[in-house]
Amino acid sequence: MSEANIEGNAGGASPARQEPHHLRRAVIIWVVLSVIGIALWLAVAPFILPRAASDLSSTDDFTFVVLTTLAVPVGMFVYVFLGYSLFAFRVKERPTEDGVPLLPRPSLQIGWLGITGGLCLFLLIWGFAAIYLETAAAASNTLVVQVTGQQWLWTFNYPQYGLSSQSQAIELPVNRPVQFVVTSEDVLHGFAIRALGVRIDANPGEVTTTPIITPTQMGNYTVYCVELCGLYHSYMWQAVNVVDNASFNSWILSQGGHL
Amino acid sequence: MTMTEAREVKRPGLFNALVPSVVSGIVLGVIGAAVAGYIVNAATQGGNLDATVAAVYTGWLLFFFVGIGAFDGIVQWGFARRELTSAEELELAGKGQGIWRYFRFTTDHKVVGIQYLATVFVLFFVGAIAAFMIRLEQSTPGAIYFTPSTYNTIVGMHGILMIAAAIIMVSGPFGNFVVPIMIGARDMAFPRLNALSYWLLFAALPIFLSTLALGGFQTGWTGYAPLAVQGLTPGMDAYCFTIIVFGISITIAAMNIITTVMVMRTKGMTWGRLPITVWGVTLSVLLGLTAFPTFIASQIMVLMDRIFQTSFFAASYGGSNWVYEHLFWFMGHPEVYVILLPAMAVAAEVSAVFSRKPLFGYRLLLGGFIGITVLSVIVWAHHLYLSGSVNALDGPFMLDTELISIPTGIIFLVLVGTLWRGRIWVTVPMLFVVGVLVNFVIGGITGIYLADIPTNEIFHGGMFVVAHFHFTLVGASVFGFFAGIYYWFPKMLGRRLDTMLGQLHFWLFEIGFLGTFLSLFYAGLLGEARWAANIPPPFAVPNTIASLFAILIAASVFTFIWNVIITLVRGERAVANEWGAKTLEWTVPTPVPLENFEHLPEVKSSPYDYGSPPVPAGDGVPATGGGVAGAPLQAHPQVES
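Chains as they are written, first to last, in the working numbering: chain A, 13 to 271; chain B, 14 to 654.
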């Protein structure tokens, strides 16, 4: 962009005095602050993101980092031009004369629409790619966990292991694909494990499935209910343990399942 | 009607003053409610509490309107088959009734505007108290201060009060008071419908607050069924009834505003010269008119399920919760733009006036507004990406949702472009516009994370969503509303709000707001769920920080209330054209006379003709004193580019 992009039918307002190159200055400040902002964000991001314990969760966090990186110059654009205007064009008293009657040139309008449209297109392609990646076919060793929400408790079954004792914790073997099959007995619940990137509604009378994910980090996580389901909604959290294969097998046996 | 036919209007005695008024309305309404409740209770032998409650509300509504005199017109003129005389019209508009006209079925659009304004303040205040209760409860893990049941009711009341207040905050006070003057009209197209729309809103308030006496409701503001159907207390009926009455109220108001803008514009007020606020309000109510019927329908269905045991939503009898979710969000997403559009229009209006520059692209901004209006009707299912109901449509809805960022981007271009190289007079309204820009950047960008499926699936139903919509609805829209308040208060109430207190209000609000909701973004990033009375320990720190910053917001609320009170008591009197603006409402005297204009003005130019080529002496900044009625400030020679 340059000064020429803004059309002024300045008339008598065209000043004789030397006008500083406001636009050039603002653009330089914008570029510098954007670069600093992106660098800062990339430096800070690993510390503020929570632990990602599955492939899907890592992908989602990566999307978050990419979108924020893009957002920095976009947000900076508004902040720099706003801040610059307030700094440079502010008048102390009630103004006695008018500002420069600028109108946006067609080229600026088209350019702006083009840039925002381009960003929008990028987001779309990114989103569609993500949807596509989540539709991968199930691997033969995919573990299926049946999840049932009810007021105000989650219960979990492992049909492949003959385990329908209504476990109240999720035990998952590390590095093995898993899919959650979710339903509800009474009202809407929301099944969410942030660390695994898993989130889906539990609808009464319907079955929903999550994408197939693979836990990559052993550890103890939590499943929360994320849809308001009545009185004890905020107490509806239970343990999710990602463990090694041997521990998983012995857990299954201890719960009365078979291998 | 000739002068001879105009009847002499009697000076009202005490009885005449009280009888058609809010007092007689309430008295008759309470009697009607009691009688209707008694009859239905007896007919159902006390076996259907929900039916009794519904009867009480219906009786209240019907007899409240009988008592306030809403049906007088039908009796007096409907059966007599004659037009109102102008004396009767002026009587209805509150002529010579002093302050009491605000408590009657008064048709003057300025009275209705002030009534809306006062109501919006009350709604915001009660909603804010609920908000501080929420922050109190969430400041530490565990449900300590309130029981989970009370907490859910508080959250629901906060949501509904704030959403209702935000829907009407611009279109109600400014849409009724300012817009008709802006377009050069003497009143709205349907003055009695105007009064009806306000008093319906008023009548909905006791219904809503009665939920507290009926055990509250557990569903939050979204009222999701089947939880709403399951609710054991009749408090849910209060919610359903409130939505229905409120929906009718804003439907009537919307039809009235649209008709007024279409047919009541003065000579020369072409569509291309309409002040941008008028466009914002008109598009907003048009959108509301499109969106709200499904919400009303959904609440009727919930009431049917509750009272008559139908099963629209209960899966075990063939219903589906997805029906409710789609009906709700078909209203729910357009509704945020119903709130946003007029607030952005006010921000644009204010930024042009205080930059002393034309809007940086009037038609461009208008294109943005229309783009948002059209697109926002087809984005609702992005709330349901993870519901499982429309998986095949996730892609198209993601497309629509992201497309809406293009017209939204236009708003930023126009607002920032309007400030650029202006003569920026940083008054309190202008400060709030700066706040709008600062907050809406964050609110807008975080919307993208929620629109894109890969990030939606880690944020849906969490605090990130809460922080996002507070940034758009409070940070952008309510800040825009406050810009409008500080801008039009001198015109509407005739006095200047104190500048120092206004600045204090702004800074407390802005800093408190940013601190509170940026912390909640972080809580959402960590995965905290919404609606939680009992917050899990891992999320305690950001919640505590948010609660501490909320104290600043509380301080800002009381600063503002103090400002309004001392201004009304001993504020400086405002002049007709307080800010040197060019729209028509600044050409009429302050306080605005009953029929606004002595002679209807003729408009000859755009209202944002700042810095136009030489105009005879006194251009741009009109004299600050005195009424300039009959000398419309838009009457500069038009310059076509």
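Glycine residues also receive a C-beta, built at the ideal position from the N, C-alpha and C atoms.
Give, in chain order, every residue of the stretch 141 to 174 of chain A whose Cβ lies closer than 7 angstroms to some Cβ of chain B.
-> A142, I143
Return no unless some Cβ of chain A is closer than 9 angstroms to the Cβ of B:G228.
-> Your numbering for residue 228 of chain B matches position 215 in the second sequence. Not an interface residue.
Minimum C-alpha distance to B:V363 - residue among B:W438, B:I87, B:D200, B:W90 | Working through the second sequence from its first residue, we reach residue 363 of chain B at position 350. Looking at the Cα atoms, B:W438 is the closest of the given residues.
Measure the C-alpha to C-alpha separation of B:A177 and B:F215 and round it to an integer number of angstroms.
-> If you number the second sequence from 1, residue 177 of chain B lands on position 164. If you number the second sequence from 1, residue 215 of chain B lands on position 202. Roughly 12 angstroms separates the two Cα atoms.
Straight-line CA distance for B:A267 to B:G301?
-> Taking the first residue of the second sequence as position 1, residue 267 of chain B is located at position 254. Taking the first residue of the second sequence as position 1, residue 301 of chain B is located at position 288. Near 7 angstroms, if we compare the C-alpha coordinates of B:G301 and B:A267.
Specify the secondary structure class of A:N253 as computed by DSSP and reduced to three states.
-> For the purposes of this step, residue 253 of chain A is taken as the residue at position 241 of the first sequence. It is a strand residue.
Three-state secondary structure (DSSP) at B:I548?
-> Numbered from 1 along the second sequence, position 535 holds the residue referred to as residue 548 of chain B. Residue state, collapsed to three classes: coil.
Minimum length 4: unbroken alpha helix (DSSP H) runs contained in the stretch 128 to 192 of chain B = 161 to 181
Name the DSSP beta bridge partners of A:Q191, please?
-> For the purposes of this step, residue 191 of chain A is taken as the residue at position 179 of the first sequence. According to DSSP, which records beta bridges pairwise, A:Q191 is partnered with A:V156.
Compare the C-beta of B:R199 against all C-beta atoms of chain A and say whether one is closer than 9 angstroms.
-> Along the second sequence, read from residue 1 onward, the residue named residue 199 of chain B stands at position 186. No, B:R199 does not count as interfacial toward chain A.
Going along the chain, which residues of the stretch 449 to 467 of chain B sit with their C-beta nearer than 8 angstroms to a C-beta in chain A?
-> L450, V451, V454, I455, I458, I461, Y462, A464, D465, I466, P467
Within 10 angstroms of its Cβ, does B:D121 collect 16 or more other Cβ (buried), or is it exposed?
-> Walking along the second sequence from the start, residue 121 of chain B turns up at place 108. B:D121 should be labelled buried.
Using a C-beta to C-beta distance shorter than 7 angstroms, which residues of chain B count as neighbours of A:A83?
-> Indexing the first sequence from 1 puts residue 83 of chain A at position 71. Here the neighbours are I458.
Answer yes or no: does any C-beta atom of chain B fall closer than 9 angstroms to that of A:V199?
-> The residue labelled residue 199 of chain A in the question sits at position 187 within the first sequence. A:V199 counts as touching chain B.
Give me whichever residues DSSP pairs with A:D213 in a beta bridge.
-> By one-based count along the first sequence, residue 213 of chain A stands at place 201. A:D213 is bridged to A:G202.
What are the start and end residues of the alpha helix (DSSP H) that includes A:T80?
-> Position 68 of the first sequence holds residue 80 of chain A. Note, A:T80: alpha helix (DSSP H), 67 to 100.
What in chain A is Cβ-close to B:Y499, meaning under 7 angstroms?
-> What you label residue 499 of chain B is simply residue 486 of the second sequence in a count that begins at 1. Within 7 angstroms Cβ-Cβ: nothing; B:Y499 doesn't reach chain A, min ~15 angstroms.
Report yes or no: do three or more beta-carbon pairs, one from the stretch 289 to 297 of chain B and one from the stretch 344 to 359 of chain B, lie closer than 8 angstroms?
-> yes
Within chain B, the residues that A:V238 reaches when beta carbons sit closer than 8 angstroms = If you number the first sequence from 1, residue 238 of chain A lands on position 226. Within 8 angstroms Cβ-Cβ: H473, G474, G475, A542, R543.
May I ask you to report which of helix, strand or coil DSSP gives B:G507?
-> In the second sequence, the residue the question calls residue 507 of chain B occupies position 494. Coil.
At least 3 beta-carbon pairs within less than 8 angstroms: the stretch 70 to 86 of chain A vs the stretch 394 to 412 of chain B = no
Does A:N232 get closer than 9 angstroms to chain B when you measure Cβ to Cβ?
-> By 1-based counting over the first sequence, the position of residue 232 of chain A is 220. No, because no Cβ of chain B sits closer than 9 angstroms to the Cβ of A:N232.
From which residue to which residue does the alpha helix (DSSP H) around A:E105 run?
-> Indexing the first sequence from 1 puts residue 105 of chain A at position 93. Here A:E105 belongs to no alpha helix (DSSP H), and DSSP marks it neither H nor E.
Kindly say whether A:S312, judged by its beta-carbon, lies nearer than 9 angstroms to any beta-carbon of chain B.
-> Any answer about residue 312 of chain A is impossible in this case: the structure gives chain A only from 13 up to 271.
Would you call the CB atoms of B:A241 and B:T255 closer than 9 angstroms?
-> Within the second sequence, residue 241 of chain B is the residue found at index 228, counting from 1. Within the second sequence, residue 255 of chain B is the residue found at index 242, counting from 1. Taking 9 angstroms as the Cβ cut-off, B:A241 and B:T255 do not qualify as a contacting pair.
Could you check the C-alpha separation between B:Q312 and A:I50 for me, to the nearest Å?
-> Translated into positions along the second sequence, residue 312 of chain B becomes position 299. Translated into positions along the first sequence, residue 50 of chain A becomes position 38. If I take the Cα positions, the gap works out to 47 angstroms.
Touching or not, the stretch 521 to 537 of chain B and the stretch 547 to 559 of chain B, by the rule of three or more beta carbon pairs under 8 angstroms?
-> yes
Would the beta-carbon of B:G86 fall within 9 angstroms of that of B:S37?
-> Mapped onto the second sequence, residue 86 of chain B falls at position 73. Mapped onto the second sequence, residue 37 of chain B falls at position 24. Their beta carbons are not under 9 angstroms apart, which means B:G86 does not touch B:S37 by this criterion.
Quick one: is B:T529 near chain A, going by C-beta distance under 9 angstroms?
-> For the purposes of this step, residue 529 of chain B is taken as residue 516 along the second sequence, with counting starting at 1. B:T529 does not count as touching chain A.
Give the residues from the stretch 289 to 315 of chain B that approach chain A closer than 9 angstroms (Cβ to any Cβ), ordered along the chain.
-> none
Run the CB neighbour count on A:V190, radius 10 Å, all protein chains shown included, and call it buried at 16 or more, exposed below.
-> For the purposes of this step, residue 190 of chain A is taken as the residue at position 178 of the first sequence. A:V190 should be labelled buried.
Can you tell me where the beta strand (DSSP E) with A:F168 in it begins and where it stops?
-> Here residue 168 of chain A is taken as the residue at index 156 of the first sequence, counted from 1. Looking at the DSSP string, the run of the beta strand (DSSP E) that includes A:F168 is 165 to 170.
Over what stretch of residues does the beta strand (DSSP E) that includes A:V235 continue unbroken?
-> Counted from its first residue, the first sequence places residue 235 of chain A at position 223. Residues 231 to 237.
Collapsed DSSP secondary structure at B:S324 in the structure displayed | Mapped onto the second sequence, residue 324 of chain B falls at position 311. Three-state result, B:S324: coil.
Cβ neighbour criterion (16 or more within 10 Å) applied to B:S99 | Against the second sequence, residue 99 of chain B aligns to sequence position 86. Counting Cβ neighbours within 10 Å, B:S99 comes out exposed, since fewer than 16 surround it.
Residue-level contact to chain A via CB, B:S418, 9 angstroms cutoff | In the second sequence, the residue the question calls residue 418 of chain B occupies position 405. Judged by the 9 angstroms Cβ criterion, B:S418 is in contact with chain A.
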